[in-house]
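Engineer:
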Amino acid sequence: NSSEPGGFGIGGDPPLPRNPLNMINPADIQSVTILKDAAATAIYGARAANGVILIETKKGTGGGPTVEYEVSAGQGSGPKRLDVLNGDQYRTFIQSQVTAGVLPATALAGEGTANTNWEDALMHHGSTVNQNLSFSGGSANTTYRASLNYFDQQGIVIANGLRRYQARVNGNHQAMDGKLHLQLNLTGSHVINDYLAFNENSGFEGGVFVNMVNFNPTHPITVTDPATGIVTYYEIAPGAQSVRNPVAIANQVLDKGTSDRTLGNVSADYDIFQSLTGRVNIGIDRTGGNRNFYLPRISSIGAAFNGLAQRADQNDLTKTLQTLLTFHPTLSSSREFDLVGGYEFGQNSIDGFGVQTRDYLTDAFTFNSLGSGNTVEPPYAFKTDSRLVSFFTRANLGFNEKYFLTGVLRKDGASEFGANHKWATFPAISGSWRLSQESFMKTGPFSELRLRAGWGKTGNPAVPPYSSLILLGADGGSRYAFGDQPVTGVTPQTNANPDLKWEETAQSNIALDYGFLNNRLNGSLEYYVKNTRDLLLRVLVPQPAVIGDRLENIGKIRNKGVELSIDGQILQRSALNLSGGFVFSHDNNEVVDLGGRTFIPDALASGQGQSNQFTQRIMPGQPIGTFFGPVFQGVNAAGQQLFNKYTVTRDTLGNETSRVLNGTTTSPGGDDYVILGNANPKYT
């Protein structure tokens, strides 16, 4: 779970566990700050386990009301086309295979006379329209800003698009001679998605992209019945081959979704004394969505079900409460100090249900009349709750605007973990030396030069609720007949793990921040080491466990690397600003330990046309995402796949001592599986 996304903080909200970026109008964003090292993110707690993205939104200013309107439009297309055989080339290839005896002569009967480029048939120019309207203004004590946004995007693949309606309002008010500061941020969005059946199995026969590559280019897109003149999509005879017309899939399969999201917070800051400020922040994040799916009777996929409809609804509600006390005494002109203490409570509730019916008399109602289906599958419903509670403190000390020291201590409790492991403590410390303020640097080329270093621990609670408990569920497999009456019972769905605990990451970093030419050119060079222990991984468990796997804290991994960033103001004019940036990073990931296990299988290749085999292994000495399998060497004269064959010798403990390549095989065994590489880029 170390790949869990980081937290997102918007306009003063505590970091959110769910990505809110698709509901934010880019025109409302003032700035974006990314915090990555543990010392900087420690104050944000568990939701910042993999960093924090702080999004500062635009606010109103004093003065008369201001109205702004902006509209933009654009077009897009795919960057390149796949290099595949056209119809003529494919016919020539099949003829050559028949002549060589690789394919039987009957293979020629399946070839058509068309010359169809299925990628061209699916792809077209996409379009985007974006409209923004904003109002802002205020007085000396009150400011406001409100905005409306409409975004319409038609994808580069047919029958695929998105529409978003978004509104945002924020306001600030000062009272009691500036001692009380009130702030409101509220965002709402309504998103309509026309989804594409892009998955490799799409639940049934394969998505548009797999079929786009596999469907015969000698076949047409549509055919016309000479007797009736009715035009239908061309399809291979049922059962002849497990591929389908991708244009038919895109146009006939209905998959639509809508979501409504409300995100907001209200905060109050009050100066209790000159050096003591209290803050209360209440936030809410509510999402309601539905997904509606229909396979029509007239489609080659839906015909097997006589029409199939699915409807699913889900609601997600996150509530947060944060209280802070900040002590910021005035020490002297050369010394700065502040101390923060706080409490945070977060609760997330998710509920949903779904229904599937099939065997329809007509396609007219699609998914809008589930009762018209003559066969109703067992519906499902669920509800989960989870809580996160935190106590934290932070101290900052600065001296002469040159030397800075920060310390953070948090204690977080998460309901997902075992009874004796719900709480964990996460400390952090960091310091920096602003070299550019030293007298010996005044005449140098640097307008800013800062050396900083830090160390900190963060925790990752990103596991499903009730992960430490055994869960029971009722389904078709748990029915039992008492006499002649079938009764639905419950069966275990997960294995319990009362020892489940936090995944912890300790990170150290050292960096140099620099600026030249009055900071028109600036950036940083940073080296980091991250050690993560008690990884939250799903592993296979032996009998007599009812379920074959469970979530456990297993092993350690290490990430270390370097990052270089350079940003520059290329052009600064009253009416034109041009800036650019460059980021280079190199990360080395290594599994250090798996708690005595030699490997954990990962990345199951399942679905239509897949092997149902694990394609990756997590194993010590190798990075996460390591591919493990036989080495492909082409095909033989009979068209069978060939793989490397190895002769392996082992010592008395079973450890491999030598490996010798010994030709090829059509049936690779365990010794023929080797490390093929990994999915991680060397540089970005």
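Read in order, the letters of the sequence shown are residues 140 to 823 in the working numbering.
Using N, Cα and C, we set each Cβ at its ideal position, and we do this for glycine too.
Computed from a predicted model, the values in this text were never measured in an experiment.
For S141, I'd like the list of residues in its chain whose CB is within less than 6 Å of its CB, leaving aside the five on either flank, ordered along the chain.
Structural biologist: Taking the first residue of the sequence shown as 1, we reach residue 141 at position 2. The pLDDT assigned to S141 is 44, lower than 50, so where the model puts this residue is not dependable; a value taken from the coordinates is nonetheless given after this. Closer than 6 Å at the Cβ level, and outside the excluded window around S141, lie T671.
Engineer: Could you check the C-alpha separation between H560 and N269 for me, to the nearest Å?
Structural biologist: Reading the sequence shown from its first residue, position 421 is the one you call residue 560. Reading the sequence shown from its first residue, position 130 is the one you call residue 269. Taking the straight line from one Cα to the other gives about 49 Å.
Engineer: Quick one: any contact between the stretch 639–647 and the stretch 596–605, if contact means 3 or more CB pairs under 8 Å?
Structural biologist: The answer is yes - the stretch 596–605 touches the stretch 639–647, with three or more Cβ pairs under 8 Å.
Engineer: Do you know offhand how far D810's Cα is from D741's?
Structural biologist: Your numbering for residue 810 matches position 671 in the sequence shown. Your numbering for residue 741 matches position 602 in the sequence shown. The alpha-carbon atoms of D810 and D741 are separated by roughly 18 Å.
Engineer: For the beta strand (DSSP E) containing Q646, name the first residue and the last one.
Structural biologist: Taking the first residue of the sequence shown as 1, we reach residue 646 at position 507. Counting along the chain, the beta strand (DSSP E) containing Q646 begins and ends at E642 to F655.
Engineer: Taking 8 Å as the cut-off, does the stretch 770–779 touch the stretch 711–722 (at least 3 CB pairs, one atom from each stretch)?
Structural biologist: With the cut-off at 8 Å, the stretch 711–722 and the stretch 770–779 do not touch.
Engineer: Reducing DSSP to helix, strand and coil, say where Q495 ends up.
Structural biologist: Within the sequence shown, the letter at position 356 stands for residue 495. Q495: strand per DSSP, three-state reduction.
Engineer: CB-CB under 6 Å to E374, same chain, minus the five flanking residues each way: which ones, in chain order?
Structural biologist: As a first step, residue 374 must be located in the sequence shown, where it is residue number 235. Only N384 and S439 meet the Cβ criterion.
Engineer: Going by DSSP, name the residue or residues bridged to K175.
Structural biologist: For the purposes of this step, residue 175 is identified with residue 36 of the sequence shown, where counting begins at 1. Per DSSP, none; premise fails for K175.
Engineer: Beta-carbon within less than 6 Å of H264's beta-carbon, same chain only, minus the 5 sequence neighbours each way: which residues are those?
Structural biologist: Along the sequence shown, read from residue 1 onward, the residue named residue 264 stands at position 125. Around H264: Q214 and S216.
Engineer: Return yes when the Cβ of D424 is within less than 8 Å of the Cβ of T462, no when it is not.
Structural biologist: On the sequence shown, residue 462 is found 323 positions in, with the first residue counted as 1. On the sequence shown, residue 424 is found 285 positions in, with the first residue counted as 1. Their beta carbons are not under 8 Å apart, which means T462 does not touch D424 by this criterion.
Engineer: For the candidate residues E209, F521 and A279, whose alpha-carbon lies nearest to that of G202?
Structural biologist: Position 63 of the sequence shown, counting from 1, holds the residue named residue 202. G202 has its Cα closest to that of A279, out of E209, F521 and A279.
Engineer: Using 8 Å for Cβ pairs, my map puts A397 next to I331. What's the rounded Cβ distance?
Structural biologist: On the sequence shown, position 258 is the one that residue 397 refers to. On the sequence shown, position 192 is the one that residue 331 refers to. Reading the sequence as shown, one finds Thr at residue 397 and not Ala. About 5 Å; that satisfies the 8 Å criterion.
Engineer: Quick check: what's the CA-CA separation for V171 versus A635?
Structural biologist: By 1-based counting over the sequence shown, the position of residue 171 is 32. By 1-based counting over the sequence shown, the position of residue 635 is 496. The straight-line gap from Cα to Cα measures roughly 41 Å.
Engineer: What is the DSSP secondary structure of Y334, reduced to helix, strand or coil?
Structural biologist: Residue mapping note: residue 334 aligns to position 195 of the sequence shown, counting from 1. DSSP places Y334 in coil when its eight states are reduced to three.
Engineer: Between the Cα of L639 and the Cα atoms of F543, I609, L651 and E729, which residue gives the shortest distance?
Structural biologist: Reading the sequence shown from its first residue, position 500 is the one you call residue 639. Nearest C-alpha to L639: I609.
Engineer: Where are the beta strand (DSSP E) runs, 3 residues long or more, that stay fully inside the stretch 678–718, in chain order?
Structural biologist: The qualifying runs are 688–692 and 695–711.
Engineer: Measuring straight from C-alpha to C-alpha, what distance separates F565 and G480?
Structural biologist: Along the sequence shown, read from residue 1 onward, the residue named residue 565 stands at position 426. Along the sequence shown, read from residue 1 onward, the residue named residue 480 stands at position 341. Rounded to the nearest angstrom, the two C-alpha atoms are 15 Å apart.
Engineer: Thinking C-alpha only, which one of K541, Q761, T545 and S569 is nearest M580?
Structural biologist: For the purposes of this step, residue 580 is taken as residue 441 along the sequence shown, with counting starting at 1. Answer by Cα proximity: K541.
Engineer: Relative to the C-alpha of S414, which candidate in L588, L464, V678 and T363 has its C-alpha closest?
Structural biologist: Translated into the one-based positions of the sequence shown, residue 414 becomes position 275. The option with the nearest alpha carbon to S414 is L464.
Engineer: What is the rounded straight-line gap between the Cα of Y605 and the Cα of P637?
Structural biologist: The residue you call residue 605 lines up with position 466 of the sequence shown. The residue you call residue 637 lines up with position 498 of the sequence shown. Distance between the alpha carbons of Y605 and P637 is about 10 Å.
Engineer: Pop quiz: T459 and F484 are said to be a contact at Cβ under 8 Å. What is the actual Cβ separation, rounded to whole angstroms?
Structural biologist: Position 320 of the sequence shown, counted from the first residue, corresponds to residue 459. Position 345 of the sequence shown, counted from the first residue, corresponds to residue 484. Right, the Cβ-Cβ distance comes to about 7 Å (below 8 Å), so this counts as a contact.
Engineer: Since I believe N661 is in contact with Y653 (beta carbons under 8 Å), could you give me their beta-carbon distance rounded to a whole number of angstroms?
Structural biologist: Walking along the sequence shown from the start, residue 653 turns up at place 514. Walking along the sequence shown from the start, residue 661 turns up at place 522. Y653 to N661, Cβ: 7 Å. Contact.
Engineer: To the nearest angstrom, how far is it from the Cα of G240 to the Cα of N775?
Structural biologist: Against the sequence shown, residue 240 aligns to sequence position 101. Against the sequence shown, residue 775 aligns to sequence position 636. Each residue's alpha carbon lies about 12 Å from the other.
Engineer: Quick one: complete alpha helix (DSSP H) runs, 4+ long, within the stretch 358–420?
Structural biologist: With a minimum length of 4 residues, the continuous alpha helix (DSSP H) runs that stay inside the stretch 358–420 are 385–391.
Engineer: With respect to the alpha helix (DSSP H) encompassing I440, which residues constitute its N-terminal and C-terminal limits?
Structural biologist: For this step, residue 440 is matched to residue 301 along the sequence shown. That residue, I440, is in no alpha helix (DSSP H); it is neither H nor E in DSSP.
Engineer: So the alpha helix (DSSP H) I233 belongs to, where does it begin and stop?
Structural biologist: Residue 233 sits at position 94 when you count from the first residue of the sequence shown. Here the alpha helix (DSSP H) through I233 covers G226 to T238.
Engineer: Helix, strand or coil: which one does DSSP assign to Y605?
Structural biologist: By 1-based counting over the sequence shown, the position of residue 605 is 466. DSSP places Y605 in coil when its eight states are reduced to three.
Engineer: Please state the DSSP three-state secondary structure of T505.
Structural biologist: As a working note, residue 505 is residue 366 in the sequence shown. DSSP places T505 in helix when its eight states are reduced to three.
Engineer: Along the beta strand (DSSP E) that carries L536, what are the first and last residues, could you check?
Structural biologist: To locate residue 536, count along the sequence shown from 1; it is residue 397. Unbroken beta strand (DSSP E) run through L536: Y519 to F538.
Engineer: State the DSSP-derived secondary structure class of F579, mapped to helix, strand or coil.
Structural biologist: Against the sequence shown, residue 579 aligns to sequence position 440. In this structure, F579 counts as helix in the three-state DSSP scheme.
Engineer: Can you list, in chain order, the residues of its chain with a C-beta nearer than 6 Å to that of A520? Leave out the 5 residues immediately preceding and following it.
Structural biologist: Taking the sequence shown and counting its residues from 1, the one referred to as residue 520 is at position 381. Taken in chain order, the residues that qualify are F492.
Engineer: Would you kindly report the start and end of the unbroken beta strand (DSSP E) that includes L544?
Structural biologist: By 1-based counting over the sequence shown, the position of residue 544 is 405. Per DSSP, L544 belongs to the beta strand (DSSP E) from Y542 to A553.
Engineer: Looking only at its own chain, which residues have a Cβ that is under 6 Å from the Cβ of T401, when we skip the five neighbours before and after it?
Structural biologist: As a first step, residue 401 must be located in the sequence shown, where it is residue number 262. So the qualifying residues of the chain are G327 and R425.
Engineer: Could you round the C-beta distance between E250 and R220 to whole angstroms and report it? I think they count as a contact, below 8 Å.
Structural biologist: Translated into the one-based positions of the sequence shown, residue 250 becomes position 111. Translated into the one-based positions of the sequence shown, residue 220 becomes position 81. About 23 Å separates the two Cβ atoms, so there is no contact after all.
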